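For reference, the structure is listed below as structure tokens.
In our numbering, the protein residues as written are -2 to 465.
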């Protein structure tokens, strides 16, 4: 697919890097945090996704000869370009496990590297993690309401160019069962699924002839699109006729697809017609501008739909379109660093940190993560990062560290995990989250707070830097 080189970045990353290089700051160390400030889709959780993609890209990252030539034409210093010819990321990365649930403010991933290395990987890291995390979360919301019905990604034609390729991976991790995207299915070793287009039916003089030819050449995976002309009076009766003909040959029609109209009403009528024809095994698939709220409504109406094909809303992350993930400096040259703002929620959290998930003694999540300095070993109080009047006692709870080493000296520390295993882990984590956090409307807010030491460090740096 898309071939990444280190020029896949914003110009200002390289402009800053050149200044660091020319002023003798090549070996200065830095720590950056990746996090976001707002849950996507006004929901109560986010599914972290894209980690393996970004680690692979970073591990292999380099400046090609074409990159160097292009940068030369844009005025970069020859000595700096010679430095870039040998560029390789040699830092460490600590991250939440891919597929885990993550929440605003808390670090999801930390980068420890030279200042130049950390800056050069920033843009591609944000590009990959923000998009895949957004799509995995969107997919998860749909899976929640789909019940036993299968979900199929139909979004290739509507996605922003090759984003659809990475979007498939995220959709599967979020809970989808298959994709229409042949290349992504091939590379990711996942199920590929598809039916036919209206143009196929239109290209025949008679609808039933289109169905017969398709059934003859796809007998093991035959789904007939029944709404090209008249769903109830033509499409479904013709599909039933072809299904009977297939049965006579020892074959079986897999399903029919509805792509327009009142899907709840049409699916109920279709189910009645199929069952009356002794075709209870024939499945019903539906598509046409579906999202989690439409699927939820169809399920509440008891629409007998077995497969949902979702395209636009999934692959563009509608209506949010982007996750607001950011990448902020937390430590420089062994000293904690902070960015101030007039808005308290935009004041960053300094230092090298660890994040802990809190649970009761039965292992049940209590709905809170605590951010602490990596050097801390015990905690008594969790403080709100945005409201000095809010805190909670955390002594009664168990803690589980969430950031683990995923890259050491520029090399991944573990072999890649199959997408199916990451998806299973995401389902497992979601099952631990109470229903109140999964609501589409007015979901509970998952608490994220600071340990005593980290809260005090942040307060000290705020006071110090305000005086500056």
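Don't be surprised by glycine CBs; every beta carbon is placed ideally from N, CA and C.
Here the structure is a predicted model, which is why all the values come from computation and not from measurement.
C-beta atoms of residue i and residue j nearer than 7 Å
i: residue 86; j: residue 58; result: yes
i: residue 30; j: residue 107; result: yes
i: residue 373; j: residue 448; result: yes
i: residue 445; j: residue 104; result: no
i: residue 489; j: residue 303; result: Outside the shown range of the chain (-2 to 465) lies residue 489, about which nothing can therefore be said.
i: residue 166; j: residue 185; result: yes
i: residue 91; j: residue 320; result: no
i: residue 283; j: residue 251; result: no
i: residue 450; j: residue 370; result: yes
i: residue 229; j: residue 192; result: no
i: residue 119; j: residue 88; result: no
i: residue 292; j: residue 142; result: yes
i: residue 139; j: residue 148; result: yes
i: residue 47; j: residue 129; result: yes
i: residue 367; j: residue 28; result: no
i: residue 419; j: residue 170; result: yes
i: residue 25; j: residue 112; result: yes
i: residue 267; j: residue 233; result: yes
i: residue 45; j: residue 443; result: no
i: residue 335; j: residue 316; result: no
i: residue 382; j: residue 102; result: yes
i: residue 60; j: residue 33; result: no
i: residue 181; j: residue 162; result: yes
i: residue 73; j: residue 18; result: no
i: residue 324; j: residue 458; result: no
Where residue i falls: helix, strand or coil (DSSP)
i: residue 29; result: strand
i: residue 45; result: coil
i: residue 388; result: strand
i: residue 145; result: coil
i: residue 280; result: strand
i: residue 58; result: coil
i: residue 166; result: helix
i: residue 152; result: coil
i: residue 118; result: coil
i: residue 300; result: coil
i: residue 92; result: strand
i: residue 171; result: helix
i: residue 84; result: coil
i: residue 430; result: coil
i: residue 24; result: coil
i: residue 436; result: coil
i: residue 403; result: strand
i: residue 11; result: helix
i: residue 99; result: strand
i: residue 254; result: strand
i: residue 67; result: helix
i: residue 414; result: coil
i: residue 129; result: helix
i: residue 409; result: strand
i: residue 3; result: coil
i: residue 338; result: coil
i: residue 230; result: helix
i: residue 459; result: helix
i: residue 50; result: helix
i: residue 372; result: coil
Bridge-paired residues (DSSP) for residue i
i: residue 333; result: 328
i: residue 356; result: 362 and 395
i: residue 367; result: 353 and 446
i: residue 379; result: 389
i: residue 306; result: 149
i: residue 176; result: 150 and 189
Presumed contact (8 Å Cβ cut-off) between residue i and residue j, rounded CB distance
i: residue 397; j: residue 356; result: 7 Å
i: residue 434; j: residue 364; result: 7 Å
i: residue 318; j: residue 137; result: Between residue 137 and residue 318 the Cβ distance is about 17 Å, and since that is not below 8 Å, they are no contact.
i: residue 98; j: residue 50; result: Not really, about 19 Å apart at Cβ, beyond 8 Å.
i: residue 218; j: residue 177; result: The pair is not a contact, with the Cβ atoms about 12 Å apart (cut-off 8 Å).
i: residue 56; j: residue 408; result: 6 Å
i: residue 134; j: residue 38; result: 7 Å
Residue i at chain C interface by Cβ criterion, 7 Å
i: residue 399; result: This model lacks chain C altogether; it includes just one protein chain.
Where the alpha helix (DSSP H) containing residue i begins and where it ends
i: residue 260; result: 260 to 273
i: residue 318; result: Counting along the chain, residue 318 falls outside any alpha helix (DSSP H), and DSSP gives it neither H nor E.
i: residue 233; result: 233 to 245
i: residue 205; result: 204 to 214
i: residue 311; result: 309 to 312
i: residue 198; result: 195 to 199
Boundaries of the beta strand (DSSP E) in which residue i is found, first to last residue
i: residue 222; result: 220 to 222
i: residue 108; result: 106 to 111
i: residue 187; result: Counting along the chain, residue 187 falls outside any beta strand (DSSP E), and DSSP gives it neither H nor E.
Residue i Cβ short of 6 Å to the ligand GDP heavy atom set
i: residue 330; result: Within the structure as shown, the ligand GDP is missing, as the structure has no ligands at all.
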